[in-house]
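Visitor: Handing you this structure, nothing more for now.
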DNA sequence: GCAGTGCTTGACGTTGACGTCAACGTAAGG
DNA sequence: CCTTACGTTGACGTCAACGTCAAGCACTGC
């Protein structure tokens with residue numbers, strides 16, 4: 138495998154709490170709450186929080202997890218999984234087992250989702266039939 | 138369309154609160170809570186609650202909605218939609234509009250879900266690569 | 001007839017996920 | 001130098017979704 142060339146230390150872009158909060162359409166209180174629970178750990182310049190791309194990525198994962206109905210504690214274990222050490226074989230196997238659990242969970246949700254959409258479609262068909270009878 | 142023959146008033150099966158709670162693997166307190174919020178309205182024989190097939194169907198919808206991460210109040214508006222009066226044309230059109238909103242919501246969740254599953258797959262691939270390097 | 005067992009209604013407690021102050025630090029502009 | 005804007009840390013409030021008693025009725029079996 139070819140070795141990658143590293144960019145010459147471009148001054149990485151950072152964000153303030155207000156900026157990422159507005160960008161993701163949450164309040165700064167929400168962002169701080171996630172930090173209290175250990176879901177994001179922004180850099181500190183003195184006392185001020187500095188957010189990097191990594192933090193933005195994590196915030197995106199958190200909010201998607203929320204839209205899917207996962208509790209924050211569970212979300213933490215999930216995104217921590219992506220950053221978990223995978224050096225030793227046993228660690229890797231643990232991570233792979235966790236992945237399987239996660240997938241099973243997500244696939245259950247997918248089944249629920251497909252069922253809900255199917256029912257919704259059938260219901261719409263019935264309504265449209267009723268509507269056409271009105272017109273005739 | 139042919140008229141349907143109605144079954145000769147078979148003694149419809151009913152359930153007690155304990156029975157449906159166990160069947161759906163929730164506590165009776167949960168079932169009562171859903172009733173307090175108006176999500177199910179079991180028959181009353183004296184003071185005792187009697188659950189019919191209709192209530193079981195609704196409970197199933199509620200729990201699926203929960204697995205998909207919907208709040209109970211929203212779930213109520215959804216399942217009420219299925220029982221909403223659709224006699225007048227305006228009512229039908231309202232219901233159809235609601236259906237569209239619901240579908241948009243569900244499809245957003247589906248996108249989130251697919252994205253999460255795709256990322257999980259890619260992550261598993263990386264882990265399996267690491268693992269194979271261990272073995273070599 | 002009385003003890004269980006199951007069902008009932010309150011009423012209060014708890015947990016998760018933030019909202020909402022209050023009180024203060026700090027860097028920039030007028 | 002003083003205001004203004006944005007940042008910070010507590011601490012407490014709130015709302016949803018139940019859990020957890022307590023206390024009582026109603027039928028069943030012995």
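Residue numbers (the working numbering), protein chains in the order written: chain X, 138 to 273; chain E, 138 to 273.
Cβ coordinates follow ideal geometry from the N, Cα and C atoms, glycine included.
Keep in mind the model is a prediction, meaning the values are calculated, not measured.
Name, in chain order, the residues that DSSP records as bridge partners for residue 255 (chain E).
Guide: None, per the DSSP bridge assignment.
Visitor: Taking C-alpha atoms, which residue in X:226, X:187, X:161 and X:180 lies nearest to residue 199 (chain X)?
Guide: Answer by Cα proximity: X:161.
Visitor: Compute the distance between the beta-carbons of residue 239 (chain E) and residue 216 (chain E), then report whether it is under 8 Å.
Guide: Taking 8 Å as the Cβ cut-off, residue 239 (chain E) and residue 216 (chain E) do not qualify as a contacting pair.
Visitor: For residue 271 (chain X) and chain E, any beta-carbon pair shorter than 8 Å?
Guide: By this cut-off, residue 271 (chain X) is an interface position.
Visitor: Can you pull the chain E neighbours of residue 206 (chain X), defined as C-beta to C-beta under 9 Å?
Guide: Result: 203, 204, 205, 206, 207 and 246.
Visitor: Quick check: what's the CA-CA separation for residue 262 (chain E) versus residue 201 (chain X)?
Guide: Between residue 262 (chain E) and residue 201 (chain X), the C-alpha separation is close to 22 Å.
Visitor: For residue 228 (chain X), tell me which candidate among E:268, E:195 and E:254 has the shortest Cα-Cα distance.
Guide: With distances taken between Cα atoms, residue 228 (chain X) lies closest to E:268.
Visitor: Applying the criterion that 16 or more other CB atoms from any shown protein chain within 10 Å of the CB defines a buried residue, is residue 186 (chain E) buried or exposed?
Guide: Residue 186 (chain E) comes out buried.
Visitor: On the DSSP letters alone, give me the boundaries of the alpha helix (DSSP H) that residue 201 (chain X) sits inside.
Guide: Residue 201 (chain X) -> alpha helix (DSSP H) spans 190 to 204.
Visitor: Which residue's Cα is closest to the Cα of residue 226 (chain X): E:223, E:203, E:271 and E:159?
Guide: Answer by Cα proximity: E:271.
Visitor: Using three-state DSSP, classify residue 270 (chain X) as helix, strand or coil.
Guide: Looking at residue 270 (chain X) - three-state DSSP - the assignment turns out to be helix.
Visitor: So, is the C-beta of residue 193 (chain X) closer than 8 Å to a C-beta in chain E?
Guide: Not one chain E Cβ lies under 8 Å of residue 193 (chain X).
Visitor: Taking residue 208 (chain E) as the reference, give the member of X:251, X:211, X:210 and X:203 with the closest Cα.
Guide: Checking every option, the nearest Cα to that of residue 208 (chain E) belongs to X:203.
Visitor: Less than 8 Å between CB atoms is the rule here; does residue 253 (chain E) satisfy it with respect to chain X?
Guide: Closer than 8 Å: yes.
Visitor: Write down every uninterrupted run of the beta strand (DSSP E) in the region 162 to 191 of chain E whose length is 3 residues or greater and which is fully enclosed by it, in chain order.
Guide: For the region 162 to 191 of chain E, whole beta strand (DSSP E) runs of length 3 or above, ordered along the chain, are 180 to 182 and 185 to 187.
Visitor: Below 6 Å CB to CB, which residues in the same chain sit around residue 192 (chain X) once its five sequence neighbours on both sides are set aside?
Guide: These residues qualify, in order along the chain: 177 and 179.
Visitor: Classify residue 196 (chain E): buried if its beta carbon has 16 or more other beta carbons within 10 angstroms, exposed otherwise.
Guide: Residue 196 (chain E) comes out buried.
Visitor: Which chain X residues are close to residue 219 (chain E), counting only those with a beta carbon under 8 Å from its beta carbon?
Guide: In chain order: 260.
Visitor: Given a cut-off of 8 Å, decide if residue 218 (chain X) and residue 246 (chain X) are closer than it, judged by their beta-carbon atoms.
Guide: Not closer than 8 Å, so no.
Visitor: Taking the alpha helix (DSSP H) that residue 158 (chain X) belongs to, which residues open and close that run?
Guide: Per DSSP, residue 158 (chain X) belongs to the alpha helix (DSSP H) from 154 to 160.
Visitor: Assign residue 253 (chain X) to one of two classes, buried (16 or more other C-beta atoms within 10 Å of its C-beta) or exposed (fewer than that).
Guide: By the neighbour-count rule (16 or more Cβ atoms within 10 Å), residue 253 (chain X) is buried.
Visitor: Can you list, in chain order, the residues of its chain whose CB lies under 6 Å from that of residue 250 (chain E), leaving out five sequence neighbours each side?
Guide: Result list for residue 250 (chain E): empty, nothing under 6 Å.
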